[in-house]
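**Student:** Sequential numbering from 262 applies to the sequence shown in my numbering.
Quick one: structure below, then a few questions.
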Amino acid sequence: MKCPTCGSLQFYAKDPEDEFEEIRFSLQGDDVVPDSANAEPLKITSQTEAFCERCAWHGRLAELKK
262 MKCPTCGSLQ FYAKDPEDEF EEIRFSLQGD DVVPDSANAE PLKITSQTEA
312 FCERCAWHGR LAELKK
């Protein structure tokens, strides 16, 4: 999976309990790989709203093209 706008594999999601906390992750195939700097990784699902690190795209992970 990759960003449908720019092709990036780097994303972040906002913690639903703390809107200022961002959880960064990358995508390798269908696998979500959390950034090792995250102390407590957020559970990322296909319904998680993700934000691309390189462009303005955001949406559910289920919307991403392979």
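Every residue gets a Cβ at the ideal spot worked out from N, C-alpha and C, and that includes glycine.
Give me, in chain order, the residues of the same chain whose beta-carbon lies closer than 7 Å to that of Gly290; leave out the 5 immediate sequence neighbours on both sides.
**Tutor:** There are no such residues.
**Student:** Can you give me the start and stop residues for the beta strand (DSSP E) that Gly320 sits inside?
**Tutor:** His319 to Arg321
**Student:** Can you tell me whether Glu205 is helix, strand or coil according to DSSP?
**Tutor:** Here the chain comprises residues numbered 262 to 327, so residue 205 is not present and cannot be evaluated.
**Student:** Ignore the nearest five residues each way along the sequence and tell me which others in Arg321's own chain have a CB closer than 8 Å to its CB.
**Tutor:** Ser307, Gln308, Thr309, Glu310 and Ala311
**Student:** In whole angstroms, give me the CA-to-CA distance for Glu314 and Asp279.
**Tutor:** The alpha-carbon atoms of Glu314 and Asp279 are separated by roughly 19 Å.
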